[in-house]
Amino acid sequence: MRVRQLTWTEIDRLVDGLASRLPPGSRCWGVPRGGSVVAAMLRSKHGVIITADSSEATIAVDDLIDSGRTARMVKEKYNLNLEPLLVKDNSDWIVFPWEGTELAEDAENTVTRMLQQIGEDPNRPELEDTPRQVVQCWDDLFSGYRYAADDVADLLSSAAAAPAGVETESREGMFVISG
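Under the working numbering, the letters of the sequence shown match residues -14 to 164, in that order.
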């Protein structure tokens, strides 16, 4: 996974493109959080009408479509089509200028919210270091995703990568190491 930090100049260009795709007279509702920033920029730069009430909107805007889950939810819950600033078409991690670059901090906040959801007090002394430890575990567990499959296949098939007695094979995109 590669982190792609967008610049304000790129955002400015993307906002222009989004404004040109909106039907005339659109009343935009920004999907919280990133969509709110996009809506404000559309208002400021292009005079697009925005509303804080989704029931008054004719279209929703958001910063990114990745899996499409948010777009489906917006359609089902609010009966609005969603126009994104950007459609993600690869495995890059997109970071918008208003988000910052502290991915580990965001992940730790996610773990803290998970602890709260299950009724734990994340400030309890025994749990103080848990968010950092869980994020480190995720980094270790999913470290293989940092590499392209072809690079891993080349590495595993090389004699230097497989010590005596260790066998490697690839099955349906999964690499199996035994020995």
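Where a beta carbon is used, it is the ideal one built from N, C-alpha and C, also for glycine.
Item: Whole-number beta carbon distance between V(-12) and V80, since they are thought to touch under 8 Å; Value: 6 Å
Item: Cross-strand partners of C13 (DSSP beta bridge); Value: I35 and I44
Item: Contacts around R213, its chain only, beta-carbon distance under 7 Å, and the 5 residues preceding and following it disregarded; Value: Residue 213 cannot be examined here, being either before or after the span of the chain that is shown, -14 to 164.
Item: I(-4), enclosing beta strand (DSSP E) - first and last residue; Value: First-last for I(-4): W(-7) to R6, but that is the alpha helix (DSSP H), not the beta strand (DSSP E).
Item: Pairwise C-alpha distance: A42 and E61; Value: 15 Å
Item: N-terminal and C-terminal residue of the beta strand (DSSP E) that P69 is part of; Value: L67 to V72
Item: Three-state class that DSSP yields for R(-13) in the structure shown; Value: coil
Item: Range covered by the alpha helix (DSSP H) that runs through W78; Value: No alpha helix (DSSP H) contains W78, which is instead part of the beta strand (DSSP E) from W78 to V80.
Item: Length of the line joining the Cα atoms of P82 and L70; Value: 13 Å
Item: Check whether D48 and A56 have beta carbons under 9 Å apart; Value: no
Item: Contact set for P116: own chain, Cβ-Cβ below 6 Å, skip 5 residues either direction; Value: E93, V96 and T97
Item: Candidates E105, D(-3) and V119: closest to D91 by CA position; Value: V119
Item: N-terminal and C-terminal residue of the alpha helix (DSSP H) that P116 is part of; Value: T115 to L126
Item: 8 Å CB neighbourhood of A4 in its chain, flanking five on each side removed; Value: L27, K30, H31 and V33
Item: Cβ-Cβ distance between R6 and E68 below 9 Å; Value: yes
Item: Assumed close pair A37, L65 - CB separation to whole angstroms, cut-off 8 Å; Value: Not a contact, Cβ separation roughly 14 Å.
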